[in-house]
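Below is one structure, written out as C-alpha cells; comments come after it.
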Amino acid sequence: MSAVAEEFITEDGRKIGAVVMEMKNITLKFGGVVAIKDISFDIRQGEIRAIIGPNGAGKSSMLNVISGFYHPQEGEVWYKGARRPTMRPYQVAAQGIARTFQNIALFEGMSVLDNVMTGRLTHMKTNMFQQGLWYGKARAEEIENRQKAEEIIDFLEIQAIRKTPVGRLPYGLKKRVELARALAAEPSILLLDEPMAGMNVEEKEDMSRFILDVNDEFGTTIALIEHDMGVVMDLSDRVVVMDYGKKIGDGTPDEVRNNQNVIDAYLGVAHD
Amino acid sequence: MPEQFIWGIEVFLNGLMAGVLYALVALGFVLIYKASGIFNYAQGVMALFAAMTLVGIMNGQVPFAHLINAIFGTNVHHFGWHVPAFVAILLTACVMVGFAWIVQRFIFRHLVGQEPIILFMATIGLAYFLEGVSDLMWNSEIKKLDVGLPQGINFAIDDYTYGIFGYGFFIDNLDIVATIIAAILVLALTIFSQYSKQGRAMRAVADDHQAALSVGVSLNFVWIMVWSVAGFVALVAGIMWGTKSGVQFSLSLIALKALPVLMLGGFTSIPGAIVGGLIIGVGEKLFEFAVGPMIGGATENWFAYVLALIFLVFRPQGLFGEKIIERV
C-alpha cells in the first residue's frame, strides 16, 4: 500500500487508525456523462470521513461505487489491504459495509423491529433447512441476533415505536430507523448518504449526536455525505471535496475551509 | 332435528374440505406474489406438471419417450421399474427446484424492474409452455395417481354421526388428510416467513429491492427459493387433486378456482388464502344446497366469482390483504 503513516492525529487531537479503504483513480461514466473523474482518497479506521460538494458533484455516485451499486469503468477499490473485485451490492454488504440512502429505502410494510432485524441477516449463518425446522442452533441464533437488534434500538432511542410499521412513521424517525438497520449489521464501514437532509434543526442535532455516539461507542468508521457545512465541519475528522466529478480538496476541516478551490466552488469566482 | 338441517351440516363440512383444496392452490399464488409482485398464472399448470412428473417417476416412465422414439427410431416407453411413492415425491420436489432455477435464470432475471403486466404476460407464456412440456415429457393420457393416501368414506365419522343424528355423514378420508396436510403447510409457511432469516429476507425483497440489496440479500437466491417453495406447494396440490380426480389436463384449471379465493383472502396473506378458500368452499356448497334446487342448480360454477366481485367492490385488498398506508 502507499506510504501512509499508521496513525493520524486529527485537529481535535483524536487519534485515528490505519487506512481501511482506499479508492484509487476511480472514473465512472454513464454513457457520455462523466460522473466521477479520476478520484483517489482513503478512509481510515475509526474516523468520520465527510464527502462534500455542490449538487451534482458526484458524491452519491461515489458512495454507490463503494457500496457496489455502481461499477466504475476505471480505478480500483482497496478494502482491508486487498483489491476488491467487482461485487454485487449484497456481497459488499456481507463484507461489512452498511449504508443508508438519500431517499430512505426502508421496508415500509414491516415493523421497526423487523427492519432492524434485516440488518442482522449477514450475521445469521444457519441454512434454510435448519431455519425451517427451527431447531436448537437456528433458534439460539435468532435469539442472539434479536438481542443485538434490541440493543441498537435502545441505543438510538426508538423503543417506543418498535412494533410500528415503518410506513406510518414521520420522516425524521424513518431516517433514524434506517440508521438503526445499517448499524445492526455491526459494519466496519458505515456509509451515510445525506443523513440530515430535510430535517429541522432539532432533528439535525439529534442525528449529529447519534453519529458521534456511534463512532465513539462502537468505534465504527463512518463515511458521510452532507450538505450542511456547519454540521460537516463539526462532525468530521477529514473531508473530501468534490465538484463536477473531480476532487478539489482533501484534508482536515480547517485545511478544507481555507482551500481556495473549495471557496471558489462554493461561493463562485469573480470574473473580472 | 329437521333433516334439512342435518344435511346442511354435512354439506358445510364437505364445503370446508373442498375449501382446503382451493386454498392449497391459492397458497402458491400468494407466495410468489408476496415475494416478487408476480401474479403467477402458471401456478395451476405447475400443479399439473408436478403431478404428471410424480406419476411418471413412480411408474418408471421414460421422459420425452415420444420425442426420443421419433428421433432415434427406438421404441422405449418404460424403464421397467416402479419407484416407491415417498422417493418419487422427493425426486419430484427436486425437479420443482430445478424448474424454479430455470424459470428464474431464463425468464424473470431478465425482467427485473418491469411493469407487473409484463411479468404477468410472461407467466401466461410460461403456463402454455409448461403445459406443452408436460405433455411432451410424460404424454397426455389420463393417469391414475395413488401415493397410498386413504380414500373413501370414513366409517368412524359415519358411525359417530349416525349415533347422534340417526343419519351418517359422508366424509371422504382423502379430504381429511388434505385438511391436515394443508393446516401443517400453512402453519409452517407462516412461521417461516415471520420468524426465520430467509422469511425475513423474502419479505424484505418483496418490499424494496434496493434496500434488500443493501442489507446483504441476494435477490436471485430469494426468488429461486420462493419459486421452489411455490413448486412444492403445487406438488402437494397436484397430489391431492390428482388422487381425487386423476392426473389430466383439467388439473391446471384449478388455478381458475384460486382466483376468487385470492380476491377474498387478499393476494399477500398466507392465512388469507386459507380463510378465503374455506369461505368459498363452504359458500358454494351451501348455496348449491339451499338455493340451487330453486334456480335449476349448477351454481357452483359461478357462485365463487360473484362472491369475489362483491368483495372487490367493498374491500378491494381482500380480508387479510395489506392495507394501503399512505402518508400525505
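Chains A and B, in that order, give the protein sequences. Per our numbering, residue -1 is the first one in the first sequence, and the count goes up by one each step. Per our numbering, residue 290 is the first one in the second sequence, and the count goes up by one each step. For glycine and all other residues, C-beta sits at the position ideal for the given N, C-alpha and C. Quick caveat: nothing in here was measured; it's all calculated off a predicted structure.
Task: Helix, strand or coil at threonine 250/A according to DSSP, with G and I counted as helix - done: The residue you call residue 250/A lines up with position 252 of the first sequence. DSSP places threonine 250/A in coil when its eight states are reduced to three.
Task: Closest Cα partner of leucine 548/B within the set Gly570/B, His355/B and Ala493/B - done: On the second sequence, position 259 is the one that residue 548/B refers to. Of Gly570/B, His355/B and Ala493/B, the residue nearest in Cα terms is Gly570/B.
Task: Run of the alpha helix (DSSP H) containing serine 423/B, from where it starts to where it stops - done: Your numbering for residue 423/B matches position 134 in the second sequence. 405 to 427 is the span of the alpha helix (DSSP H), which, as asked, contains serine 423/B.
- [ ] Could you tell me whether the Cβ of arginine 47/A comes closer than 8 Å to any Cβ of chain B?
- [x] As a first step, residue 47/A must be located in the first sequence, where it is residue number 49. Closer than 8 Å: no.
Open item on the list: I need the straight-line Cα distance from alanine 92/A to leucine 119/A, nearest angstrom please.
Closed with: Reading the first sequence from its first residue, position 94 is the one you call residue 92/A. Reading the first sequence from its first residue, position 121 is the one you call residue 119/A. Rounded to the nearest angstrom, the two C-alpha atoms are 9 Å apart.
Task: Under 8 Å (Cβ pairs) to chain B, residues found in the stretch 184 to 209 of chain A - done: none
Task: C-beta atoms of alanine 339/B and glycine 586/B nearer than 8 Å - done: Your numbering for residue 339/B matches position 50 in the second sequence. Your numbering for residue 586/B matches position 297 in the second sequence. No, they are not a contact pair.
TODO: Would you decide whether alanine 579/B is buried or exposed? Buried here means 16 or more other CB atoms lie within 10 Å of its CB.
DONE: One-based indexing of the second sequence puts residue 579/B at position 290. Classification for alanine 579/B: exposed.
Task: Beta-carbon contacts of isoleucine 356/B that lie in its chain and below 8 Å, excluding the five residues immediately before and after - done: Here residue 356/B corresponds to residue number 67 of the second sequence, with the count starting at 1. In the sequence on display, residue 356/B carries leucine and not isoleucine. Correct list, in chain order: Leu425.
Open item on the list: Just to check my reading of the structure: methionine 385/B and phenylalanine 481/B have Cβ atoms closer than 8 Å, yes? What is that Cβ distance to the nearest angstrom?
Closed with: Translated into the one-based positions of the second sequence, residue 385/B becomes position 96. Translated into the one-based positions of the second sequence, residue 481/B becomes position 192. Methionine 385/B to phenylalanine 481/B, Cβ: 17 Å. No contact.
Task: Under 9 Å by beta carbon: chain A residues contacting glutamine 499/B - done: For the purposes of this step, residue 499/B is taken as residue 210 along the second sequence, with counting starting at 1. Within chain A, the residues near glutamine 499/B are Phe67, Pro87, Phe99 and Ala103.
TODO: Would you tell me roughly how many angstroms separate the C-alpha atoms of aspartate 204/A and glycine 196/A, rounded to the nearest one?
DONE: Translated into positions along the first sequence, residue 204/A becomes position 206. Translated into positions along the first sequence, residue 196/A becomes position 198. Rounded to the nearest angstrom, the two C-alpha atoms are 14 Å apart.
Task: Within-8 Å CB hit, glycine 170/A to chain B - done: For the purposes of this step, residue 170/A is taken as the residue at position 172 of the first sequence. By this cut-off, glycine 170/A is not an interface position.
Task: 8 Å Cβ cutoff, alanine 91/A in contact with chain B - done: Against the first sequence, residue 91/A aligns to sequence position 93. True, the Cβ-Cβ gap to chain B drops below 8 Å.
Task: Proximity below 8 Å, CB of aspartate 214/A to CB of methionine 194/A - done: Here residue 214/A corresponds to residue number 216 of the first sequence, with the count starting at 1. Here residue 194/A corresponds to residue number 196 of the first sequence, with the count starting at 1. In this structure, methionine 194/A does not lie closer than 8 Å to aspartate 214/A by Cβ.
- [ ] Flag this pair as yes or no: are the beta carbons of alanine 490/B and valine 515/B separated by less than 8 Å?
- [x] Residue 490/B sits at position 201 when you count from the first residue of the second sequence. Residue 515/B sits at position 226 when you count from the first residue of the second sequence. Cβ atoms of alanine 490/B and valine 515/B: not closer than 8 Å.
TODO: Could you tell me which residues DSSP puts in a beta bridge with aspartate 152/A?
DONE: Walking along the first sequence from the start, residue 152/A turns up at place 154. DSSP, once it has assigned bridges, lists no residue as partnering aspartate 152/A.
- [ ] With a threshold of 16 other CB atoms inside 10 Å of the CB of threonine 532/B, please say whether the residue is buried or exposed.
- [x] Walking along the second sequence from the start, residue 532/B turns up at place 243. Classification for threonine 532/B: buried.
Open item on the list: Quick check on glycine 228/A - is its C-beta less than 8 Å from some C-beta in chain E?
Closed with: Here the protein chains are A and B, and chain E is not one of them.
- [ ] Return the chain-ordered ranges of every beta strand (DSSP E) run that is complete within the stretch 42 to 111 of chain A and spans a minimum of 3 residues.
- [x] 46 to 50, 72 to 77 and 95 to 97
TODO: Starting from the Cα of valine 621/B, find the closest Cα among Ala519/B, Ser534/B and Phe395/B and give me that residue.
DONE: This structure cannot settle anything about residue 621/B, because the visible part of chain B is limited to 290 through 617.
TODO: Tell me whether valine 401/B is buried or exposed, calling it buried when 16 or more other Cβ atoms sit within 10 Å of its Cβ.
DONE: Within the second sequence, the letter at position 112 stands for residue 401/B. Looking at its Cβ environment, which holds fewer than 16 other Cβ atoms inside 10 Å, valine 401/B is exposed.
Task: Inter-stretch contact at 8 Å, needing at least 3 Cβ pairs: the stretch 133 to 147 of chain A / the stretch 40 to 57 of chain A - done: no
- [ ] Taking methionine 108/A as the query, report the chain B residues whose CB atoms sit under 7 Å from its CB, ordered along the chain.
- [x] In the first sequence, the residue the question calls residue 108/A occupies position 110. Arg492 and Asp496, listed in chain order.
Open item on the list: Which residues of the stretch 502 to 526 of chain B have a Cβ closer than 8 Å to any Cβ of chain A? Give them in chain order.
Closed with: Leu502, Ser503, Val504, Gly505, Val506, Ser507, Leu508 and Met514
Open item on the list: Considering Cα atoms alone, identify which of Gln487/B, Val372/B, Ile321/B and Met347/B is closest to phenylalanine 397/B.
Closed with: In the second sequence, counting from the first residue as 1, residue 397/B sits at position 108. When only C-alpha atoms are compared, the closest one is Ile321/B.
TODO: Taking only the alpha-carbon atoms, compute the straight-line gap between leucine 189/A and asparagine 62/A and give it to the nearest angstrom.
DONE: As a working mapping, residue 189/A is identified with position 191 in the first sequence. As a working mapping, residue 62/A is identified with position 64 in the first sequence. The straight-line gap from Cα to Cα measures roughly 9 Å.
Task: Cross-chain neighbours of arginine 394/B in chain A, by beta carbon under 8 Å - done: Mapped onto the second sequence, residue 394/B falls at position 105. Within 8 Å Cβ-Cβ: nothing; arginine 394/B doesn't reach chain A, min ~16 Å.
Open item on the list: At the level of alpha carbons, what is the spacing between glycine 581/B and lysine 433/B?
Closed with: The sequence position of residue 581/B within the second sequence is 292, counting from 1. The sequence position of residue 433/B within the second sequence is 144, counting from 1. If you take the alpha carbons of glycine 581/B and lysine 433/B, they lie about 32 Å apart.
TODO: At 9 Å on the CB atoms, spell out the chain A contacts of arginine 398/B, in chain order.
DONE: Residue numbering aside, residue 398/B sits at position 109 when the second sequence is read from its first letter. Per Cβ cutoff of 9 Å: no residues; arginine 398/B is ~13 Å from chain A at best.
- [ ] Just the C-alpha distance for glycine 437/B and tyrosine 311/B, rounded to the nearest angstrom, thanks.
- [x] Stepping through the second sequence from its first residue, residue 437/B is reached at position 148. Stepping through the second sequence from its first residue, residue 311/B is reached at position 22. Taking the straight line from one Cα to the other gives about 22 Å.
Task: Inter-residue spacing [alpha-carbon to alpha-carbon] between isoleucine 24/A and proline 163/A - done: For the purposes of this step, residue 24/A is taken as the residue at position 26 of the first sequence. For the purposes of this step, residue 163/A is taken as the residue at position 165 of the first sequence. If I take the Cα positions, the gap works out to 39 Å.
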